[in-house]
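Asks: Before we start, here is the structure in question, set down as structure tokens.
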Amino acid sequence: MNRVVGDQMGMLATVMNGLAMRDALHRAYVNARLMSAVDLKGVCDSYNWAEAISMLKEGRVVIFAAGTGNPFFTTDSAACLRGIEIEADIVLKGTKVDGVYSEDPVKNPDAEMYTTLDYSTVLDKELKVMDLSAFTLARDHNMPIRVFNMNKPGALRSVIMGEEIGTLIHNPDKKRNL
Amino acid sequence: MTANPKPVYRRILLKLSGEALVGEQGFGIDPKVLDRMAQEIKELIELGVQVGIVIGGGNIFRGE
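Going down the list, the protein sequences come from chains A and B.
Residue 161 in this note's numbering sits at position 161 of the first sequence, and the numbers go up by one each step.
In short: position in the second sequence from 1, add 1000, done, that's this note's numbering.
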């Protein structure tokens, strides 16, 4: 299949997930809005930075769908991009593993999990955190990333409360360029 | 339960992979997983944290 078409189908898949998440949040009595990077009139809102900021300030959850709206960019790129745009304090990457390991923990049970890393170590050791476009975007804007296991109930809350769960990737020397 | 009574973040971007929504069925969206995540996100809102979310799509379609 043509890569561009495949990526467009992937973008629509994220919209479907976003619709399901918005619905689940509404059922839990949480105000949520879905914004898509590609226009889908009648289905969800289109991405608008100023509206997103004002809704976040009102305490609404804002779901950003369709990635960046461009082929060849992953949803990790979208996460870093939107995180930087909305001036988030951190990008929290919820995964099915506990954090970033020195090696694949499935292949090598002795693989070590890191608690903190700086951006350059991730690049030097070629650790799999995100694809390079996404990762270097975060690095260039000093956006911290925490990788943690979203399948563990309560982990998200613990991260928010400052517990050192999973792996934090940041620049220990620099404050963020907002 | 925790040492800090207050959240350490004011605004976060939560990235969830599409695979995280699959649950035990192996494909698509598991409503149970979705409801659990919605509850966890609700807790953050109740703590006053501003939440933006990016979700992947790998549970429905994978390019390449």
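Glycine included, each C-beta is placed from N, C-alpha and C at the ideal position.
Since the model is a prediction, treat every value here as computed from it, not as a measurement.
Quick one: which chain B residues come within Cβ less than 9 Å of residue 87 of chain A?
Replies: The contacting residues are 1011.
Asks: Report all residues from its chain with a CB closer than 6 Å to the CB of residue 1013 of chain B; omit the five preceding and five following residues, and keep chain order.
Replies: So the list reads 1052, once near-sequence residues are dropped.
Asks: Do the region 1026-1036 of chain B and the region 100-114 of chain A touch if we need at least three Cβ pairs shorter than 8 Å?
Replies: Output reads no: the region 100-114 of chain A does not touch the region 1026-1036 of chain B.
Asks: What are the residues in the region 128-158 of chain A lying within 8 Å of chain B by C-beta distance?
Replies: Here the close residues are 150, 151, 153, 154, 156, 157 and 158.
Asks: Classify residue 1017 of chain B: buried if its beta carbon has 16 or more other beta carbons within 10 angstroms, exposed otherwise.
Replies: Residue 1017 of chain B comes out buried.
Asks: Name the DSSP bridge partner or partners of residue 1050 of chain B?
Replies: Answer is B:1011, bridged to residue 1050 of chain B.
Asks: Report yes if the CB atom of residue 160 of chain A is closer than 8 Å to the CB atom of residue 1054 of chain B, and no otherwise.
Replies: No.
Asks: So, for residue 4 of chain A: in the same chain, excluding its five sequence neighbours on each side, which residues have a beta-carbon less than 6 Å away from its beta-carbon?
Replies: 71, listed in sequence order.
Asks: Does the separation of the CB atoms of residue 99 of chain A and residue 113 of chain A fall below 8 Å?
Replies: Going by C-beta atoms, residue 99 of chain A is nearer than 8 Å to residue 113 of chain A.
Asks: Quick check: residue 52 of chain A and residue 84 of chain A, are their CB atoms within less than 8 Å of each other?
Replies: Going by C-beta atoms, residue 52 of chain A is not nearer than 8 Å to residue 84 of chain A.
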